[in-house]
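If you read the sequence shown in the numbering used here, its first letter stands for residue 3, the second for the next number, and so on.
Every residue, glycine too, gets a C-beta built ideally from N, C-alpha and C.
What follows is a single structure, written as structure tokens, with notes after it.
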Amino acid sequence: MPGVAERQTHDYVRNGTTNLFAALNVASGQVITDMAARHRAEEFQRFLNLIDRNVPPHLDVHIVLDNNATHKTPSIQRWLVRHPRFVFHFTPTYSSWMNLVWVYWPSEVGLRQAA
């Protein structure tokens, strides 16, 4: 109801929803993707490691992110110190549409639905 905070029961289940991670190379159009059942710092760090393995080591990596709390945890900050070629750029609050990777999702989702 309007004016009432949304609530969840103790047995709430997301019923098949998933978290999609994507890194878009704006120069080539290549996309690195991963999916996870949850979106915690642990899953985000696993995705960062996937990017690190797939991007040639001589290149710097600039990542445009929304302001999700999992992107700013102490464990992620420590990971960034160990991986100085990675630079985070955060979109303004409520402006995740500014992240170019969102251009990828509609076409990708459409392809999967058509299959």
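Item                                                                                                                                                                 : Value
Roughly how many angstroms lie between the CA atoms of Asn69 and Arg55, to the nearest whole one?                                                                    : 24 angstroms
Pull up the CB-CB distance for Val63 and Ile53, whole angstroms please, since I reckon it's below 8 angstroms.                                                       : 6 angstroms
Going by beta carbon distance, what residues of the same chain come within less than 6 angstroms of Glu45, once the five residues before and after it are set aside? : Ala38
Looking at the secondary structure, which residues open and close the alpha helix (DSSP H) in which Val83 lies?                                                      : 76-84
Of the residues Leu82, Pro86, Lys74, Leu67, which one's Cα is nearest the Cα of Phe92?                                                                               : Leu67
Is His60 helix, strand or coil by DSSP?                                                                                                                              : coil
Across which residues does DSSP place Ile34 in a beta bridge pair?                                                                                                   : Ala25
Measuring alpha carbon to alpha carbon, tell me which of Gln32, Arg42, Ala25 ends up nearest Phe90.                                                                  : Ala25
For Ala43 and Thr35, I'd like the C-alpha separation in whole angstroms.                                                                                             : 16 angstroms
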